[in-house]
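As they're listed, the protein sequences go chains E and V. Quick note on UniProt numbering: the first sequence kicks off at 1 and runs consecutively. Quick note on UniProt numbering: the second sequence kicks off at 1 and runs consecutively. What follows is a single structure, written as structure tokens, with notes after it.
Number of protein chains: 2
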Amino acid sequence: MTQETAPPSRLEALKVACSACNLRELCLPVGLTDDEMLSLDDMVSTRRSVKRGESIFHAGDPFAALYAVRTGFFKTVVSASDGREQVTGFQMAGELIGLDGISTDRHSCDAVALEDSQVCMIPYGQLESLSREFTLLQHQFHKIMSREIVRDHGVMLLLGSMRAEERLAAFLLNLTQRLQARGFSASALVLRMTREEIGSYLGLKLETVSRTFSKFQEEGILEVKQRDIRIIEQSALQRVVNGTSA
Amino acid sequence: MTQETAPPSRLEALKVACSACNLRELCLPVGLTDDEMLSLDDMVSTRRSVKRGESIFHAGDPFAALYAVRTGFFKTVVSASDGREQVTGFQMAGELIGLDGISTDRHSCDAVALEDSQVCMIPYGQLESLSREFTLLQHQFHKIMSREIVRDHGVMLLLGSMRAEERLAAFLLNLTQRLQARGFSASALVLRMTREEIGSYLGLKLETVSRTFSKFQEEGILEVKQRDIRIIEQSALQRVVNGTSA
DNA sequence: CGGAACCTTGATGCACCTCAAGCATGGTGG
DNA sequence: CCACCATGCTTGAGGTGCATCAAGGTTCCG
Numbered sequence: 001m002t003q004e005t006a007p008p009s010r011l012e013a014l015k016v017a018c019s020a021c022n023l024r025e026l027c028l029p030v031g032l033t034d035d036e037m038l039s040l041d042d043m044v045s046t047r048r049s050v051k052r053g054e055s056i057f058h059a060g061d062p063f064a065a066l067y068a069v070r071t072g073f074f075k076t077v078v079s080a081s082d083g084r085e086q087v088t089g090f091q092m093a094g095e096l097i098g099l100d101g102i103s104t105d106r107h108s109c110d111a112v113a114l115e116d117s118q119v120c121m122i123p124y125g126q127l128e129s130l131s132r133e134f135t136l137l138q139h140q141f142h143k144i145m146s147r148e149i150v151r152d153h154g155v156m157l158l159l160g161s162m163r164a165e166e167r168l169a170a171f172l173l174n175l176t177q178r179l180q181a182r183g184f185s186a187s188a189l190v191l192r193m194t195r196e197e198i199g200s201y202l203g204l205k206l207e208t209v210s211r212t213f214s215k216f217q218e219e220g221i222l223e224v225k226q227r228d229i230r231i232i233e234q235s236a237l238q239r240v241v242n243g244t245s246a
Numbered sequence: 001m002t003q004e005t006a007p008p009s010r011l012e013a014l015k016v017a018c019s020a021c022n023l024r025e026l027c028l029p030v031g032l033t034d035d036e037m038l039s040l041d042d043m044v045s046t047r048r049s050v051k052r053g054e055s056i057f058h059a060g061d062p063f064a065a066l067y068a069v070r071t072g073f074f075k076t077v078v079s080a081s082d083g084r085e086q087v088t089g090f091q092m093a094g095e096l097i098g099l100d101g102i103s104t105d106r107h108s109c110d111a112v113a114l115e116d117s118q119v120c121m122i123p124y125g126q127l128e129s130l131s132r133e134f135t136l137l138q139h140q141f142h143k144i145m146s147r148e149i150v151r152d153h154g155v156m157l158l159l160g161s162m163r164a165e166e167r168l169a170a171f172l173l174n175l176t177q178r179l180q181a182r183g184f185s186a187s188a189l190v191l192r193m194t195r196e197e198i199g200s201y202l203g204l205k206l207e208t209v210s211r212t213f214s215k216f217q218e219e220g221i222l223e224v225k226q227r228d229i230r231i232i233e234q235s236a237l238q239r240v241v242n243g244t245s246a
């Protein structure tokens, strides 16, 4: 349950190299020159394995580094004082986790692995110095933070003014789009999260998520077998999101 | 209720000095040395007046600068393709507007003045170069972006799992806390936005916002006269937020 | 093979939305 | 300066989308 900063028994003999990583076009190094990439390689020197259910960090933990998802799948969760929880995002390969920690030097959410995963550790102090040196890195980092803000505003729109079907349709389209950018099929996906986690993210109860999946299936938009989803009619999903279907 | 630090009887849109601004402890310059502050003064050289109802920028506009609220009050609004709108935030003196634009070089929301206001323009390219030079400025800027992310996550929690009374109570407590940080009373405030705008922000209809205000008044928690709000029992509001009152 | 975690589906209730009507406020022009 | 009108606010009555409660089914794994 507690985070292990240096996994004791696991030898990370592999030197992690951004320059050799197949995610470099999606991750922090986008657009860097070869020189700059080599400096990144120095900074991002540790990879950490996280088992399903384990957390990279918890709310309240001191902030020291960002984490880039190398393989696997994560959720971030904020908690209210009364125990209510809200999933604020799902992160897949190439995405950055931990930006929340910069503001107060402590993390404000939990980052939990939804399957066995690996993350690359990016010591924050070093990122700041390196991005003073490399304009492109600096700009790319700012873009990533800004993108998170824009994404959050989209979620607010979803939570504030969409109905259950619209929320789930938007969620599925977003997931497939990101999976597609990583070379996966646009029409078949395996959900890494439970109905309850989807519900938490979308501001719905798990029963409503389940019913909505069933409804989409009845309508021939999806084929749903537990966590295996096949999208039969993407355009129909798009229409649902736009409210053009009710 | 509007604060005017230096009543601008002349055209003062010329020279702005962060170093002389009473908001410098809340705004971008937090923690800078005198030297650094002077460089900021060079960068933030234009102030712009915005009349009530006007926008600093619209969704789709090219991104070139950030704006620090000098006086007045703003809302930011994102729109879906079908016309649905969501207020994503309300900004007051010392707060930064426009961070959304970095991600795609275009703004993704509208920033609308809710009263006659003034903003300081911070050319983004210059901010990037200056923050390559000044570590503290760089860090402060990152903190501001991160804070926005954390705030957004809090709004998601609110939208995803709180009921109407809890949302409004949380909203009022947040407003008064920010006003208090600016030297205003913690118990009396004048709302700069309509019930509809509050509702949009909180994911509620204006009638629900109005009814909830009335309910708080009946319960002796607030005194509500249109946009004049007096908080009679702050602890009760806090209890409502925590769900300890239902 | 048995239990835990997860998912589906049905019945019922309620929080909030929708629709509607009337009141308050403030800006504007005669 | 006042009358007028647009905009915003309040309140009521009724409807509905989703939550809640409940029961049973499926899958995974020790």
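Beta carbons are placed, not taken as given, at the ideal position from N, Cα and C, and that holds for glycine. Being a predicted model, the structure only gives us computed values, none of them experimental.
{"query": "When the Cβ atoms of the region 117-126 of chain E are set against those of the region 233-246 of chain E, are three or more pairs found closer than 8 angstroms?", "result": "no"}
{"query": "Please confirm whether PHE63 of chain V and GLY89 of chain V have their CB atoms less than 8 angstroms apart.", "result": "no"}
{"query": "I want to see whether chain V comes within less than 8 angstroms of ASP100 of chain E, judged by CB atoms only; does it?", "result": "yes"}
{"query": "Just mark THR135 of chain E as buried or exposed, buried being the case when its beta carbon has 16 or more other beta carbons within 10 Å.", "result": "exposed"}
{"query": "According to DSSP, HIS110 of chain V sits in a beta bridge with which residue or residues?", "result": "A small correction: the amino acid at residue 110 of chain V is Asp; His does not occupy that position in the sequence shown. Looking at the DSSP assignment, ASP110 of chain V forms a beta bridge with V:VAL77."}
{"query": "Need the endpoints of the alpha helix (DSSP H) that VAL241 of chain V sits in, please.", "result": "234-241"}
{"query": "For the pair the region 52-70 of chain V and the region 146-154 of chain V, tell me if three or more CB-CB distances fall below 8 angstroms.", "result": "no"}
{"query": "Tell me the rounded alpha-carbon separation between LEU26 of chain V and LEU40 of chain V.", "result": "15 angstroms"}
{"query": "Determine, using beta carbons only, whether LEU127 of chain E and MET193 of chain E come nearer to each other than 8 angstroms.", "result": "no"}
{"query": "Which residue from V:ILE97, V:MET162 and V:VAL87 puts its Cα closest to that of TYR124 of chain V?", "result": "V:ILE97"}
{"query": "At a Cβ threshold of 8 angstroms, is ASN174 of chain E touching chain V?", "result": "no"}
{"query": "To the nearest angstrom, report how far apart LEU173 of chain V and GLN238 of chain V are at their CA atoms.", "result": "8 angstroms"}
{"query": "Name the two residues that bound the continuous beta strand (DSSP E) containing MET121 of chain E.", "result": "117-123"}
{"query": "Return the CA-CA distance between GLU95 of chain V and VAL50 of chain E, expressed in angstroms with no decimal places.", "result": "38 angstroms"}
{"query": "Whole angstroms are fine: how far does the CA of PHE74 of chain V sit from the CA of GLU115 of chain V?", "result": "8 angstroms"}
{"query": "Locate the alpha helix (DSSP H) running through THR135 of chain E, then write down its first and last residues.", "result": "135-161"}
{"query": "List the whole-angstrom C-beta distance separating HIS132 of chain V from GLN138 of chain E, where the pair is believed to meet the contact cut-off of C-beta under 8 angstroms.", "result": "Here the sequence assigns Arg to residue 132 of chain V, which means His is not the residue at that position. Yes, ARG132 of chain V and GLN138 of chain E are in contact; Cβ-Cβ is about 7 angstroms, under 8 angstroms."}
{"query": "For ILE144 of chain E, which residues in the same chain have their Cβ closer than 6 angstroms to its Cβ, ignoring the five residues on either side in sequence?", "result": "LEU96"}
{"query": "In chain E, which residues lie with their C-beta within 9 angstroms of the C-beta of VAL30 of chain V?", "result": "The premise fails here: VAL30 of chain V is roughly 12 angstroms from chain E at the closest Cβ pair, so nothing lies under 9 angstroms."}
{"query": "How many Å lie between TYR67 of chain V and VAL87 of chain V at the Cα?", "result": "18 angstroms"}
{"query": "For HIS142 of chain V, return the contacting residues in chain E, with the cut-off set at a CB-CB distance below 7 angstroms.", "result": "ILE102"}
{"query": "Just to confirm before moving on: does the CB-CB distance between GLU148 of chain E and LEU99 of chain E stay below 8 angstroms?", "result": "yes"}
{"query": "Could you check if GLY31 of chain V is buried or exposed, using at least 16 other CB atoms within 10 Å of its CB as the buried criterion?", "result": "exposed"}
{"query": "Excluding the five sequence neighbours on either side, which residues of its own chain have a C-beta within less than 6 angstroms of the C-beta of SER108 of chain V, listed in chain order?", "result": "ALA59 and ASP100"}
{"query": "Whose Cβ in chain E lies nearer than 8 angstroms to the Cβ of residue 249 of chain V?", "result": "Chain V is shown from 1 up to 246; residue 249 of chain V falls before or after that span and cannot be answered."}
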